[in-house]
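**Q** Dropping the structure in here first, questions after.
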Amino acid sequence: GETVLLGREDGVVEAWNADGEPQGTVVALPGPIRSLRTFGDDLAVVHEGGWWSSRGRSGSEALVDLWLTADGSVHAEGCRVVFRDGETERSVDLGEPVLALAVEDAGTPDEWPMVVVAAGRQIWRLELEGPTCLGTRRGGRAMITIGQERAAWSTSRTTAALLDMRGEQNGPTYLTYANRYSDNDEDELALADLCVVDHELVAAALENGGMNLLGPEGAMKADEFPGEPVRRWIFFYLGSILMAG
395 GETVLLGRED
405 GVVEAWNADG
415 EPQGTVVALP
425 GPIRSLRTFG
435 DDLAVVHEGG
445 WWSSRGRSGS
455 EALVDLWLTA
465 DGSVHAEGCR
475 VVFRDGETER
485 SVDLGEPVLA
495 LAVEDAGTPD
505 EWPMVVVAAG
515 RQIWRLELEG
525 PTCLGTRRGG
535 RAMITIGQER
545 AAWSTSRTTA
555 ALLDMRGEQN
565 GPTYLTYANR
575 YSDNDEDELA
585 LADLCVVDHE
595 LVAAALENGG
605 MNLLGPEGAM
615 KADEFPGEPV
625 RRWIFFYLGS
635 ILMAG
């Protein structure tokens, strides 16, 4: 059956079934869980101070993130993005620190996966022949995600960009929030996380706990319970958007 994995602040990764019943501990690590990545039955976890994978690998490097791919792993080390398969390592150096990265697996060991990176000032698509600049950043929390052959990233605290990675558009579409929901709202709006929904829609979690669907026509409310925990992840499960934190 379907399984949901949940990373906790105490370093434990739990498994839950489709009925919301706990299925036990997958792994307990020495520090809060920062992110989870899966490929098939394999699991990669980045925790505070290091990383671990179900393929029997672990490390203490300060990784930005780690993805298991068809045969190997992709992660960032300082200014480099590294694709590692056993003893073989290929890398691309951007010359500036990597703040966030997203990977869409090519599906075969011989192919370089689709890798998109948020660095200090620019967004890059990385290929073996070299990096290609997709856009720029003006600040805010660095976020980037890939889904359905689209990439979405934050360009500032209040603006996200969405780009068709197949090259069917000339440049990214920018989706921008106003400073506040209304004149009476004291909280400034700011993006906390992003997830691609379809070719022109992005799910956005906000720092104040709300959530919206961002599209070319503006923002649609998708969260009836604003004010919930600020730090959350967005992911899809059985066609539904789930948020956990």
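Remember, the numbering used here sits 394 above the position in the sequence shown when you count from 1. Ideal Cβ placement from N, Cα and C applies to all residues, glycine included.
Can you find the residues in the same chain that come closer than 7 Å, C-beta to C-beta, to Trp394, ignoring five residues on each side of it along the sequence?
**A** It is not possible to answer for residue 394, since the shown part of the chain is limited to 395 through 639.
**Q** Can you name, in chain order, every residue of its own chain whose Cβ lies under 6 Å from the Cβ of Ala584, other than the five neighbours on each side?
**A** As a working note, residue 584 is residue 190 in the sequence shown. Result list for Ala584: Arg551 and Glu601, in chain order.
**Q** Measuring straight from C-alpha to C-alpha, what distance separates Ile427 and Thr567?
**A** Here residue 427 is taken as the residue at index 33 of the sequence shown, counted from 1. Here residue 567 is taken as the residue at index 173 of the sequence shown, counted from 1. Answer to the nearest angstrom: the Cα atoms are 32 Å apart.
**Q** Which one of Gly541, Glu442 and Arg560 has the shortest CA to CA distance from Val596?
**A** As a first step, residue 596 is located in the sequence shown; it is residue number 202 there, counting from the start. Nearest of Gly541, Glu442 and Arg560 to Val596, Cα basis: Gly541.
**Q** May I ask which residues mark the beginning and end of the beta strand (DSSP E) holding Asn606?
**A** Counted from its first residue, the sequence shown places residue 606 at position 212. Asn606 -> beta strand (DSSP E) spans Met605 to Gly609.
**Q** Starting from the N-terminal side, write out each stretch of the beta strand (DSSP E) that is 3 residues or longer and does not extend beyond the segment 456 to 508.
**A** Listed in chain order, the complete beta strand (DSSP E) runs (minimum 3 residues) inside the segment 456 to 508 are 460 to 463, 466 to 471, 474 to 479, 482 to 487 and 492 to 498.
**Q** Hey, could you find the ends of the beta strand (DSSP E) Thr397 is sitting in?
**A** Against the sequence shown, residue 397 aligns to sequence position 3. Residues Thr397 to Gly401.
**Q** Am I right that Val492 and Val509 are in contact with their C-beta atoms under 8 Å? What's the rounded C-beta distance?
**A** Here residue 492 refers to the residue found at position 98 of the sequence shown. Here residue 509 refers to the residue found at position 115 of the sequence shown. With a Cβ gap of about 10 Å, Val492 and Val509 do not count as contacting.
**Q** Compare the Cα-Cα distances from Ser447 to each of Glu455, His441 and Leu437 and report the closest residue.
**A** Walking along the sequence shown from the start, residue 447 turns up at place 53. Of the listed residues, the one whose Cα sits closest to Ser447 is Leu437.
**Q** For the beta strand (DSSP E) holding Gln542, just list the boundary residues, first then last.
**A** Within the sequence shown, residue 542 is the residue found at index 148, counting from 1. Neither: Gln542 is in no beta strand (DSSP E) and is coded neither H nor E.
**Q** For the segment 515 to 554, which segments carrying the beta strand (DSSP E) assignment without a break, of at least 3 residues, lie completely within its bounds, in sequence order?
**A** With a minimum length of 3 residues, the continuous beta strand (DSSP E) runs that stay inside the segment 515 to 554 are 516 to 521, 524 to 530, 538 to 541 and 544 to 548.
**Q** I need the DSSP call for His441, collapsed to helix, strand or coil.
**A** Locating residue 441 in the sequence shown gives position 47, where the first residue counts as 1. Three-state result, His441: strand.
**Q** So, with DSSP's three-state summary, where would you put Glu594?
**A** Locating residue 594 in the sequence shown gives position 200, where the first residue counts as 1. It is coil, neither helix nor strand.
**Q** Alpha carbons only, please: which of Arg560, Ala599 and Ser429 is nearest the one belonging to Glu442?
**A** Counting from one through the sequence shown, the residue named residue 442 turns up at place 48. The shortest C-alpha separation from Glu442 is found at Ser429.
**Q** Based on Cα-Cα distance, which residue from Pro503, Asn411 and Val590 lies nearest to Thr463?
**A** If you number the sequence shown from 1, residue 463 lands on position 69. Ranking Pro503, Asn411 and Val590 by Cα distance to Thr463 puts Pro503 first.
**Q** Under the DSSP definition of a beta bridge, which residues are partnered with Ser452?
**A** What you label residue 452 is simply residue 58 of the sequence shown in a count that begins at 1. According to DSSP, Ser452 bridges with Trp446.
**Q** Helix, strand or coil for Asp587 per DSSP?
**A** Here residue 587 is taken as the residue at index 193 of the sequence shown, counted from 1. The answer is strand: DSSP assigns Asp587 an E or B state.
**Q** Over what stretch of residues does the beta strand (DSSP E) that includes Asn564 continue unbroken?
**A** Counting from 1 along the sequence shown, the entry for residue 564 is found at position 170. From DSSP, Asn564 is part of no beta strand (DSSP E); its letter is neither H nor E.
**Q** For Gly639 and Glu403, what's the separation of their Cα atoms in angstroms?
**A** Your numbering for residue 639 matches position 245 in the sequence shown. Your numbering for residue 403 matches position 9 in the sequence shown. At Gly639, the pLDDT of 47 sits below 50, so the modelled position is not reliable and the matter cannot be decided from this model.
**Q** Take Arg532 as the anchor and find which of Ala546, Arg515, Gly524 and Arg544 has the nearest alpha-carbon.
**A** If you number the sequence shown from 1, residue 532 lands on position 138. Of the candidates Ala546, Arg515, Gly524 and Arg544, the one whose C-alpha sits nearest the C-alpha of Arg532 is Arg515.
**Q** With distance defined between alpha-carbon atoms, name the residue in Leu423, Leu400, Thr432 and Gly405 nearest to Gln417.
**A** Taking the first residue of the sequence shown as position 1, residue 417 is located at position 23. Checking every option, the nearest Cα to that of Gln417 belongs to Leu400.
**Q** Identify whether Leu423 lies in helix, strand or coil by the three-state DSSP scheme.
**A** Walking along the sequence shown from the start, residue 423 turns up at place 29. Note: Leu423 maps to coil in three-state DSSP.
**Q** Excluding sequence positions up to five away, which residues of its chain have a Cβ less than 7 Å from the Cβ of Val440?
**A** By 1-based counting over the sequence shown, the position of residue 440 is 46. Answer for Val440: Arg428, Ser429, Leu457, Asp459 and Leu460, listed in chain order.
**Q** Within the continuous beta strand (DSSP E) that includes Glu408, where are the two ends?
**A** In the sequence shown, counting from the first residue as 1, residue 408 sits at position 14. Here the beta strand (DSSP E) through Glu408 covers Val406 to Asn411.
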